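Numbering-wise (the numbering used here), the sequence shown opens with residue 30 and increments by one. In this text, a Cβ means the ideal position worked out from N, Cα and C, and glycines have one as well. If you're wondering where the values come from, they're calculated on a predicted model, not measured in any experiment.
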Amino acid sequence: MPSYSLGIDIGGTFTDIVVYDHDTGRQWSRKVLTTHDDPARAVASGVAAMLSGGRLEPSRFTRVVHATTLFTNALIERTGAPTGLLTTAGFADTLEIGRERKYELYDLNLAKPEPLVERHRRLEVAERTKADGSVARRLDRKEVAARATELVKAGVTSIAVVFLHAYANPRHEADAAKLIAKRYPKIAVTASHEVAPEIREYERTSTTVVNAYMKPLAHRYLDVMARGLATLGIPAPLLLMCSSGGLTHIAEAQRTPVQMLESGPAAGALAAAFFGRADSGGNLLAFDMGGTTAKLSLVDGGEPLTAYSFEAARQKRFIEGSGLPIRISTIELIEIGAGGGSIAEVSEIGLLKVGPRSAGSQPGPASYSLGGTEATVTDADFLLGYLNPAYFAGGEVKVDMDAARAAIGRLAQRVGLSQTQVAWGIHDIVNENMASAARVHIAERGRDPRGYALLSTGGAGPVHAYGVARKLGLERVICPPSAGVASALGLLVAPARVDRVATVGIRLDRGSGAALEAAFRRLEDEARAVMADTGLKLETATVRRLADGRFMGQGFDLVVALPDGPYDGGEATRRQLQAAFEGAYREKFSLTPPEVPVEFINIRVAVRAPVAGGEIAIERPRERAAGNPVKGRRPAYFPEAGGFVETTVYDRYRLVAGDDLTGPAVVEEEGSTLVVGPGATARVAPSGNLMVTLP
């Protein structure tokens, strides 16, 4: 009997749904417009349609994996829960003070992100724990109860508890959180030691508040999603993608929804690493462009890079320090407002600009005929001949070309250009926006882009990959099968993963190997306990140890991978740890200071385990299907070839390994369209990937 896995990725414009048959390797996919008022509604209707259309038995589903941008959008749009903050006396203004650092030094009108908790909802209680974990002033429980009552009367539905130095001794926080939960069981409570148990008060407070802000939303949404799948007769448990690229169970996601902020982009990076492994040598620039945003991430040696903090809701998109700091493990990527729904407009000085505003799925691009009237990237791509109006999103969206021409025409009148010139301008500007972001992302990591292949995914990614690669000077573009729903497929190859962090403050020159080992063991035991709740066999788990290290006297930390334990208190262990840190430090900064002790501020563990059915192999046809792979020809716009030229259109489902294509060409499948420019060639690899070589 067949067994199926279901992947669900909710984006700003489209919701992607993929079903994979583990017995045959067969795959079904569907793109439906996201229903922003109730995202679960689009999922339920899309899954129901796939069950009916594919005649799939719901009881045969063994795994359901989900990623969503819902929590990120709630943070950006400030639609989370009314939240209160309970903190140590004297620290109610930590969120506003932040770091005394201007992200733009000479801007007199600098806009800092507004705190998620208003000042009247930030209350203090008498208590004090020292940095070494000793108690200077005991917690006043009566005051905690009184302050909680004040916050509830002020209308909060979620409370963040952040006490000074709780990472060193969480007892006061735990007692306060327990008291509030007992007195007000309907109020969501988040304690900082459960979310970000590490030093630096501002970052710890910010992360805890963000978690509290999203917690009621996460509880409601994930409950509705789980019930909806159960109503369809699907018995499999719901697993959630974390920002780190790993999976967790629903209870953990509801407890710490901050871990899911970058779940959708993380799935795209995993998909790129998976599909590009056979054809790239492991070095990829993963380019995922959907309807609302584009995501770019580096894959080195077959693995996406990982960061241990990031900023959400930045006031200035590319400027560090302009957003809300979040201390979680996340796949390292850059995200910009460049998608198929990005709106084109004329600036105050008469220049054409594109994004970051997006038409999303409601009202959508003008060509969707759902109420949108502003010109978007998708409208321009239709006019340029890249997209097929009769086959867009597999026919899921009915396209109105007259509406697209009218929207582009209104812009053309304002700037005094033809419709074709404006459409090309929109397409080229959004390509340059993405290429500029990629240049910054690559340069900041000291990489040379010429050593990378661009792997394109998302509904709009393959349409724009050729233009972006040309601007970056890349030689190769890789387009995997089912590129339009690759992020949903990425969910199905993700392992379970649990990350834990603790502040230790250990100097390596003082023989603290045994203490370090004990601290790592505690974290590993915590992580394994969470993983056991996911229902996985712990004997399959692997553990990676890391540390935030620095030379004594430095004001910053560098996260480095450490050798596997166990560590003892001997000199050999100390030299191993010292060498691991110094090697990583030299790789980043070229040299190390002489005779300076090394200090580990935080330690981290990442425990990973494969999920049953996590190995997928998309079956590709070994023999040509009936019919010609050439669907026809249509004019498409390539300025390097002089304008509109007759372009061959291919059916991707009829292409087999070894087929060669010469540009200009367009390759269509249900969820995406690949554009191959003049002078470029493409070949179908044995993996099923389309390998494009640029001129």
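In the DSSP secondary-structure assignment, N631 is bridged to T532 and D577.
Residue environment analysis places V634 among the buried positions, since at least 16 neighbouring C-beta atoms fall within 10 angstroms of its C-beta. C-alpha of P392 to C-alpha of G401: approximately 5 angstroms in a straight line. In this structure the stretch 81-96 does not lie against the stretch 111-127, because fewer than three pairs of beta carbons, one per stretch, are closer than 8 angstroms. Collapsing the DSSP output to three states places Q56 in a strand. Distance from K324 to P294 at the Cβ level is roughly 4 angstroms; contact confirmed, criterion being Cβ atoms closer than 8 angstroms.
Counting the other CB atoms within 10 Å of its CB gives M560 a total of 16 or more, which places it among the buried residues. One thing to note: S511 has its Cβ no nearer than 8 angstroms to the Cβ of L520.
Beta-bridge annotation (DSSP): G113 is paired with I188.
When the five nearest sequence neighbours on each side are left out, the beta carbons in the same chain lying within less than 6 angstroms of the beta carbon of S390 are those of T42, L62 and T63, in order along the chain. Here the alpha carbon of G330 sits roughly 4 angstroms from the alpha carbon of G311. In the DSSP assignment, Y132 falls outside any alpha helix (DSSP H) and carries neither an H nor an E. By a beta-carbon distance limit of 8 angstroms, V190 does not contact A210. Their separation comes to about 10 angstroms. The alpha carbon of T112 has as its nearest neighbour, out of M243, A342, Y33 and D67, the alpha carbon of M243.
Its Cα nearest to that of V527, the residue P639 stands out among T260, R439, P639 and V459.
In this structure, Y679 places its C-beta atom within 8 angstroms of the C-beta atom of V696.
Only residues of its own chain outside the window of five on either side were considered, and among them A342 have a CB closer than 6 angstroms to the CB of I105, listed in chain order. V469 counts as exposed, since fewer than 16 other C-beta atoms from the protein chains shown sit within 10 angstroms of its C-beta. The continuous stretches of beta strand (DSSP E) do not include I216, and DSSP gives it neither H nor E.
Here P595 is near E546, since their CB atoms are less than 8 angstroms apart. In summary, P668 is exposed, with fewer than 16 beta-carbon neighbours lying within 10 Å of its beta-carbon over all protein chains present. Around the CB of F585, fewer than 16 other CB atoms lie within 10 Å, so the residue is classed as exposed. DSSP places E153 in the uninterrupted beta strand (DSSP E) bounded by R151 to V154. Here the stretch 657-668 lies against the stretch 683-693, with 3 or more beta-carbon pairs under 8 angstroms apart.
With respect to the 8 angstroms criterion, V533 and A548 are classified as neighbours on the basis of their beta carbons.
Burial is judged here by how many other beta carbons sit within 10 angstroms of a residue's own beta carbon; D52 has fewer than 16 and is exposed. Contact between the stretch 404-423 and the stretch 371-383 is established, with three or more Cβ pairs separated by less than 8 angstroms. Counted as a single uninterrupted DSSP element, the alpha helix (DSSP H) harbouring D431 occupies residues M430 to V444.
In summary, F618 is exposed, with fewer than 16 beta-carbon neighbours lying within 10 Å of its beta-carbon over all protein chains present.
Scanning its chain for C-beta atoms nearer than 8 angstroms, with the 5 sequence neighbours on each side dropped, one finds around A247 the residues F100, A282, Q283, P286 and M289, in chain order.
Per DSSP, P385 lies in no alpha helix (DSSP H) segment; the continuous beta strand (DSSP E) that holds it begins and ends at L381 to S387.
Pairing L115 with R167 gives a Cβ-Cβ distance that is not under 8 angstroms.
When C-beta atoms of the stretch 485-495 are compared with those of the stretch 436-448, fewer than three pairs fall below 8 angstroms, so the two segments do not count as touching. The three-state reading of DSSP puts R84 in coil, since its state is none of H, G, I, E or B.
Contact check for V589 and G582: beta-carbon distance about 18 angstroms, past the 8 angstroms limit, so the pair fails to qualify.
Our two residues, R92 and R306, have alpha carbons roughly 24 angstroms apart in a direct line.
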